[in-house]
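To start, the structure itself, in structure tokens.
Right, here's the structure in full:
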């Protein structure tokens, strides 16, 4: 049986399960075109606000991409609207469309790269709760159609800025690494200076959603973060980083160190500094490893590998 026939049957079966939702008949090229079209219009209308940054050259960045935010995001006003959920409803100028029966796909209002996507729940599900099988079905469908880094910040302690459940996808730019530490993380025998669980994902010959759901439960349990059967919510903060090749879970101790807030992208080698960052840390060379070690957990083994000095941060 040819690949195209297999995909057609898979899509047909999925469409019967979730009628009226277009993801199963949208390939990566169509999704990319849709994101570009929505992004162009949203930028013209002022709905899309890319974060202006400068790329810093720091001697202790270990190949990480460290950017300085030039203008802080607009803060919500005080009063009754201060606690409003920006995803209920989302800004329709940013929405690409429904993504399965329980999610909506939209552009990140404050992107760090063109096409930066958010996958949000239609209902008010908590960011700090357990990810559900429906979350994984939607996430797998997105990752199968858009090459990039899928990531999740489990709450404020893991760098999440919104309490409404959302996963994010940073798309790969043409002919560039998706993120600065990609070649290092892709090494099968890599050892890291912070605690994590990393599992290779099988190639597309099975149910990716079920595989990710299973790994999610196994990783959190093995890291001492509990299980959905025994606990109402995970027993600690964590980040998820997922590509077509691997699934990584990083447990967290705190949100920031040296005034540097870290989310999942920090563990991929992407760090954002602001006017709240400790100037002494920057003046001393911007030791990225020290920040990640402080916000993560101590590894059980010592670091045996250096990140290649030849890693070049992708331009945004």
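In our numbering, the protein residues as written are 32 to 347.
The beta-carbon is built from N, C-alpha and C at its ideal position, and this holds for glycine as well.
Measure from the alpha carbon of residue 204 to the alpha carbon of each residue in 220, 187, 214, 180, then state which is nearest.
The option with the nearest alpha carbon to residue 204 is 180.
Are the C-beta of residue 239 and some C-beta of chain C separated by less than 9 Å?
Although the question refers to chain C, the structure presented lacks it and comprises just one protein chain.
Beta-bridge partners of residue 85, as assigned by DSSP
99
For a quick check, are the C-beta atoms of residue 198 and residue 183 less than 9 Å apart?
Contact: yes.
What three-state label does DSSP hand residue 264 in the structure shown?
Residue 264 falls in the coil class under three-state DSSP.
Taking the C-alpha atoms as reference points, what is the distance between residue 212 and residue 87?
16 Å
If the criterion is Cβ atoms closer than 9 Å, does the pair residue 297 and residue 323 meet it?
yes
Can you tell me which of the three DSSP states residue 141 falls into?
coil
Pick helix, strand or coil for residue 288, following the three-state DSSP scheme.
Residue state, collapsed to three classes: strand.
Own chain partners of residue 217 with C-beta closer than 7 Å, once the 5 adjacent residues on each side are dropped
276
Sequence-distant residues of its chain with Cβ nearer than 8 Å to residue 355 (five each side left out):
Since the first residue shown for the chain is 32 and the last is 347, residue 355 is missing from the structure and cannot be characterised.
Per-residue burial, residue 329 [other beta carbons within 10 Å of its own, 16 or more giving buried]
exposed
Residue 319, enclosing alpha helix (DSSP H) - first and last residue
Segment 319-326, the alpha helix (DSSP H) holding residue 319.
DSSP three-state assignment for residue 63, whether helix, strand or coil
helix
Beta strand (DSSP E) runs wholly inside the region 151-232, at least 3 long, in chain order
179-184, 197-202, 228-231
Backbone CA spacing between residue 195 and residue 219 [nearest angstrom]:
34 Å
Where does residue 298 sit, in a helix, a strand or coil, going by DSSP?
helix
Contact belief for residue 167 with residue 240 at Cβ below 8 Å, rounded distance in angstroms:
5 Å
Going by alpha carbons, who is nearest to residue 130 out of 232, 252, 57?
57
Helix, strand or coil, according to DSSP, for residue 78 in the structure here?
Reduced to three states, the DSSP call for residue 78 is coil.
Bridge partners - residue 281, DSSP secondary structure assignment
270
On the CB-based measure, 16 or more other CB atoms within 10 Å of its CB, does residue 262 come out buried or exposed?
exposed
Roughly how many angstroms lie between the CA atoms of residue 226 and residue 279, to the nearest whole one?
10 Å
Out of 304, 306, 128, 260, which has the shortest C-alpha to C-alpha gap to residue 66?
Cα-wise, what sits closest to residue 66 is 128.
Is there at least one non-hydrogen atom of the ligand SAH closer than 8 Å to the beta-carbon of residue 96?
Questions concerning the ligand SAH fall outside what the structure shown contains, since it holds no ligand whatsoever.
Would residue 152 pass as a contact of residue 170 if the rule is Cβ separation under 9 Å?
no
Would you kindly report the start and end of the unbroken alpha helix (DSSP H) that includes residue 239?
239-253
State buried or exposed for residue 141, treating a residue as buried only when at least 16 other CB atoms are found within 10 Å of its CB.
Flag for residue 141 reads exposed.
Own chain, CB closer than 6 Å to residue 139, minus 5 neighbours either side, in chain order
147, 149, listed in sequence order.
Alpha carbon to alpha carbon, how far is residue 101 from residue 309? Give it in angstroms, no decimals.
16 Å
Taking only three categories from DSSP, how would you classify residue 72?
helix
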